[in-house]
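Worksheet: one structure, shown below.
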Amino acid sequence: MQASVRRLVLYPLGAARLGPVTDLLLRPSPHLLSPRSRTLFSETGIWDKDYRTETRRRVEEWWHPRIMAQWQKDSPEEGQSKKKFYVLSMFPYPSGRLHMGHVRVYTISDTIGHFQRMRGHQVLNPMGWDAFGLPAENAAIERGLDPEEWTKRNIESMREQLDSLGLCFNWDREVTTCLPDYYRWTQYLFIKLFEAGLAYQKEAVVNWDPVDQTVLADEQVDENGCSWRSGALVEQKLLTQWFIKTTNYGKPLLDALADLPEWYGVKAMQANWIGECTGCYFDFKLKVNGKETGETLSAYSSSPETVFGAAYLAILPSHRLLHGSSSVRSVLEKAFQPGRDSLTEVTAHNLFTGHDVPLVISHKDAFDGYLDTVIGAPDCSEEDLSVAKALNLKWITVLKSHEDGTETLINSDEFSGLTREEAFHSITQKAREQKVGGHLTSSKLRDWLISRQRYWGTPIPVVHCGSCGPVAVPEEDLPVTLPKLPSLSGKGASPLESAYDWVNCKCPRCKGPARRETDTMDTFVDSAWYYFRYTDPHNPQRPFERHLADHWLPVDVYIGGKEHAVMHLYYARFLCHFCRDQGLVDHREPFRKLLVQGLIKGQTFKLADSGQYLKKEEIDFTGNEPVALNGGRLEVTFEKMSKSKHNGLDPQEVVQQYGVDTVRLYILYAAPPEQDILWNVKTDALPGVLRWQSRLWQLVTKLRGARQLGDFPNPSLLKKKELTETKRIWQNKNYAIKEVTTHFTEDFLFNAAMSRLMGLTNTLSVRSATVRVVQHSLEFEEALAALIMMTAPMAPHLASELWAGLCQVKNPVSPLLRGGDVLQQPWPTVDPEYLEAPDFVELSVLINNKACGTVTVSVQESKELDLVQKLVLESPLGQKLLRERSIKRAILSPRTALINFLVDE
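Just so we're aligned: 586 in full-length UniProt numbering is position 586 of the sequence shown, and the numbers increase by one with no gaps anywhere.
Pasting the structure below:
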């Protein structure tokens, strides 16, 4: 008992600011401090009539290990006949500490997982670790540790934290990207890309982070030209780097978006990032004085059908050929004249047409989009025509205009006579077949730069041979493991350069001396395929068996932050398309539905004059408004949680104070998933959630008490008015099942689902359902059973105890109360004879006489002002528009379905 009392002291710490209801629920009752222990029905068979803080604690302690064990016992196995459901939350970087954003995303995935299991599905809800990357390497440098040791320690800590939150993951499928049994297959996929001509190395002007000493992709540089991670001003550097030719998949990736459901605006972001795929690249070999130099260029054409009419190839003055180690550099430098288009002695041989065209250095600083090499075609561009005439170049006319306004091709080999549209498709298709270009893409899309000059990443499985050039490491020699280094400095060349015995090796092809590639891969490569590995995580022979990946994919619901809307999702989609083309899987798209979740923002207190963020202990909260203790004027806002702003929350402390289920319910109720949550326990959300838990407990207490009265339940004893009550209960139950199921499967508005369950709770409350209805009706019993079952995915511990108490009620009427754990019950279904209309109406909601939306209520409920007001306030519409406004009066129309809230402006 002493231990219990000590733990209880923690709960009231923040309660004084939560309001009277919260304070009541969090304050230990007098008999808690008496010598006798609290009882828990599951342990003692004695039902405690009141739901107090200690009750909640004991409920969670009892059910936590049982729920976790049952989930693992029912782990999905190959060959089960159930329909599959793959719910996936983006795996975390193992920083060592969970934050509230983690709690939100995993609460959502856990809720969906429990729900789908209750619907009879074979559910996969895996977890793993995005474990490579700069943070671990930098932390290791600062502390003089091995990054592997640091990472594994953090993983262990975070796994324990996740378990303490009662989250049911399929831990038997855990993946960790920094382990050789995972990155072996990352290297395998890289080799597949390399063999397909999609992984290549070239000299390029790249973004260099001077603090983290590594290259950044364009997407990792913010609008101010600073690194996304270190914040340093990015420099431009010419380096030889590895790229993946994602531009070859630009058009398929763009077109496939049309077949996906709406992704909360992410589809539009992806489409905008890819751009309109109306052109393509063609490959050229460079020549000087008629002799090939060994240099290859890919040049973009916005009108591929006119490729036979090319007059020149143009590059920018910043092009690598003018600044790197190119064999034609000296020729180009000699010809370059700043400020004007410069004709050079270099020619470019078009591998598709067989024609040679001169290379021109443009006077421009930039072409359209991110291009640095373009084909000049005078027939379709006035600008190209002007350049060709100014330089006195020759070209072939390839377009013939007709009186009806159409154009056909001439002087274009077998494509002559085709319309421009026909030629566009035929020419690009043949170029793809000949592997000399032709892949439709946009002028703004660039290939994926994956080289990183750091240690803690997947080694690129390539060796460089003086005779053979770059050679892929044979598959049987994978993985190429990271060597152990005595120390890391984070400065200068790649740390792997210092591993002499590792770097110097033999060429797999000619067996001569060679050097290993010392760049490692960007961590986005690791996370571009992890959803595949979850389907077959322990396979030592291949990255995954096709039949297992085909069974589970596509992911039914993918949950994560909107900050990954472009890079990660694009790379993952690209790799899935590639794996499909390689015959590794059947699906092109990896994710069916995407659920993006907003931030959880904490309250910040900032001095208006200096912008300094203050800690809570530096503020006086005793008055109506918070005031800085030093007297400065405060700005109070909500911002992304961070240590520097003193507005972070430790999830474990929050859970210890309020309980796992309360935190889960608050997160699900405070806002729709895609919206930000402003964490403020003064708002209605937390007290409302606490009240609702207590009311659910009281409903079970109410039924148990009514059945103790002695009479065996007999529906025939109910009178006309009581039968009307039972019909209303039956209608509300069915409507709740229909609405909640829709919210769980279609729009994921868990807050709306909870509002509907709260509405059903109101219907079953003391005021709404009389004792005789509770005592004798099947409808009350089944409605309460459905209510608890539908609550279970969101608050599994509380619902488990409520179900245990309900199933042991005296003289049960319904076959639903057959025992077993609530999470093992089938999800409730709507009765076939249930008819929606005219039992429910769309109630118009007005605020100060202005229409703001509608809320669905039953006909019976629509007649009661207090009940309608409560339902509106608990609805998503009410939470959004009325939560923080002072309501002076609510007027319910007696003639039409309308309620008008008069509020202070």
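Note that beta-carbon positions come from the ideal geometry of N, C-alpha and C, so glycine has one too.
Here the structure is a predicted model, which means the values were calculated and not measured.
List the endpoints of the continuous beta strand (DSSP E) containing residue 323.
-> In the DSSP assignment, residue 323 falls outside any beta strand (DSSP E), carrying neither H nor E.
Is the distance from the Cβ of residue 502 to the Cβ of residue 132 below 8 Å?
-> The answer is no: Cβ separation not under 8 Å.
Any 3 or more C-beta pairs closer than 8 Å across the stretch 721 to 729 and the stretch 764 to 778 = Three or more pairs of CB atoms, one per stretch, sit closer than 8 Å, so the stretch 721 to 729 contacts the stretch 764 to 778.
Does DSSP put residue 827 in a helix, a strand or coil?
-> Coil at residue 827, not helix or strand.
Given 8 Å as the limit, is there contact between the stretch 150 to 170 and the stretch 191 to 211, that is, 3 or more CB pairs closer than that?
-> No: fewer than three Cβ pairs fall under 8 Å.
Assumed close pair residue 340, residue 319 - CB separation to whole angstroms, cut-off 8 Å | Not confirmed; about 16 Å, so no contact.
Given 8 Å as the limit, is there contact between the stretch 785 to 797 and the stretch 656 to 671, that is, 3 or more CB pairs closer than that?
-> At 8 Å Cβ cutoff, the stretches touch.
Grab the span of the beta strand (DSSP E) containing residue 89 for me, first residue to last.
-> For residue 89, the enclosing beta strand (DSSP E) has its first and last residue at 84 to 89.
Could you check if residue 895 is buried or exposed, using at least 16 other CB atoms within 10 Å of its CB as the buried criterion?
-> By the Cβ neighbour-count rule, residue 895 is exposed, with fewer than 16 other Cβ atoms within 10 Å of its own.
Within 10 angstroms of its Cβ, does residue 677 collect 16 or more other Cβ (buried), or is it exposed?
-> Its Cβ being crowded by 16 or more others within 10 Å, residue 677 is buried.
For residue 268, count neighbouring Cβ atoms within 10 angstroms of its own Cβ and tell me buried if that reaches 16, exposed if not.
-> That one is exposed.
With 16 as the cutoff for other CB atoms within 10 Å, does residue 447 come out buried or exposed?
-> Residue 447 is buried by the Cβ-count criterion.
Leaving aside the five residues before and after residue 225 along the sequence, list all residues of the same chain whose C-beta is less than 8 Å from its C-beta, in chain order.
-> Counting only Cβ-Cβ distances below 8 Å, and skipping sequence neighbours, we find 233, 234.
Which first and last residues belong to the alpha helix (DSSP H) in which residue 806 is found?
-> Counting along the chain, the unbroken alpha helix (DSSP H) around residue 806 starts and ends at 796 to 807.
By the 10 Å Cβ neighbour count, where 16 or more other Cβ atoms means buried, how is residue 375 classified, buried or exposed?
-> So residue 375 ends up on the buried side.
Would you kindly check if the distance between the Cβ of residue 821 and the Cβ of residue 72 is under 8 Å?
-> Not closer than 8 Å, so no.
Mapping DSSP to helix, strand and coil, what is residue 466?
-> Coil at residue 466, not helix or strand.
Cutoff 6 Å; reference residue 901; Cβ partners in own chain excluding five residues on either side | Answer for residue 901: 847, 887, 890, listed in chain order.
Helix, strand or coil for residue 156, going by three-state DSSP, please let me know.
-> In the structure shown, residue 156 sits in a helix (DSSP, three-state: H, G or I).
With burial defined as no fewer than 16 other Cβ atoms inside 10 Å of the residue's Cβ, what is the status of residue 46: buried or exposed?
-> Residue 46 should be labelled exposed.
Using only alpha-carbon positions, find the residue among 679, 356, 52 that is nearest to residue 395.
-> With distances taken between Cα atoms, residue 395 lies closest to 356.
Sort out for me which residues DSSP pairs residue 513 with in a bridge.
-> The partner list for residue 513 (beta bridge, DSSP) reads 506.
Is any beta-carbon of chain C found at less than 8 Å from that of residue 685?
-> Although the question refers to chain C, the structure presented lacks it and comprises just one protein chain.
Cβ contact (3+ pairs, closer than 8 Å) linking the stretch 435 to 445 and the stretch 250 to 257 = In this structure the stretch 435 to 445 lies against the stretch 250 to 257, because at least three pairs of beta carbons, one per stretch, are closer than 8 Å.
At 3 residues or longer, and completely inside the UniProt domain "Aminoacyl-tRNA synthetase class Ia" (444 to 602): list those beta strand (DSSP E) runs for me, N to C.
-> Counting whole runs of 3 or more residues, the UniProt domain "Aminoacyl-tRNA synthetase class Ia" (444 to 602) contains the beta strand (DSSP E) stretches 462 to 465, 469 to 472, 504 to 506, 513 to 516, 555 to 561, 591 to 597.
Can the beta-carbon of residue 43 be found closer than 8 Å to that of residue 63?
-> Going by C-beta atoms, residue 43 is not nearer than 8 Å to residue 63.
Buried or exposed: residue 860, going by 16 or more other Cβ atoms within 10 Å of its Cβ?
-> Buried, because 16 or more other Cβ atoms sit within 10 Å of the Cβ of residue 860.
What are the partner residues of residue 848, as DSSP defines its beta bridges?
-> Beta-bridge pairing links residue 848 to no other residue.
Nearest candidate by alpha-carbon position, reference residue 670, set 877, 657, 305 = The residue with the shortest Cα to Cα distance from residue 670 is 877.
Are the stretch 510 to 527 and the stretch 546 to 557 in contact at 8 Å, needing three or more beta carbon pairs?
-> They do not touch, by the three-pair rule.
For the alpha helix (DSSP H) that residue 298 lies in, which residues bound it at each end?
-> Careful: residue 298 lies outside any alpha helix (DSSP H), inside the beta strand (DSSP E) at 291 to 301.
Which term fits residue 397, buried or exposed, when burial requires 16 or more other beta carbons within 10 angstroms of its beta carbon?
-> Exposed: under 16 other Cβ atoms inside 10 Å.
Could you tell me the distance, in whole angstroms, from the CA atom of residue 499 to the CA atom of residue 482?
-> The alpha-carbon of residue 499 is positioned some 10 Å away from that of residue 482.
Tell me, please, which residues DSSP counts as bridged to residue 227.
-> Within the DSSP bridge table, the entry for residue 227 names 221 as partners.
Check each candidate in 845, 360, 695 and name the one with the smallest Cα separation from residue 389.
-> It is 360 whose Cα lies nearest to the Cα of residue 389.
Rounded separation between residue 229 and residue 216 - CA only | Distance from the CA atom of residue 229 to the CA atom of residue 216, rounded to whole angstroms, is 10 Å.
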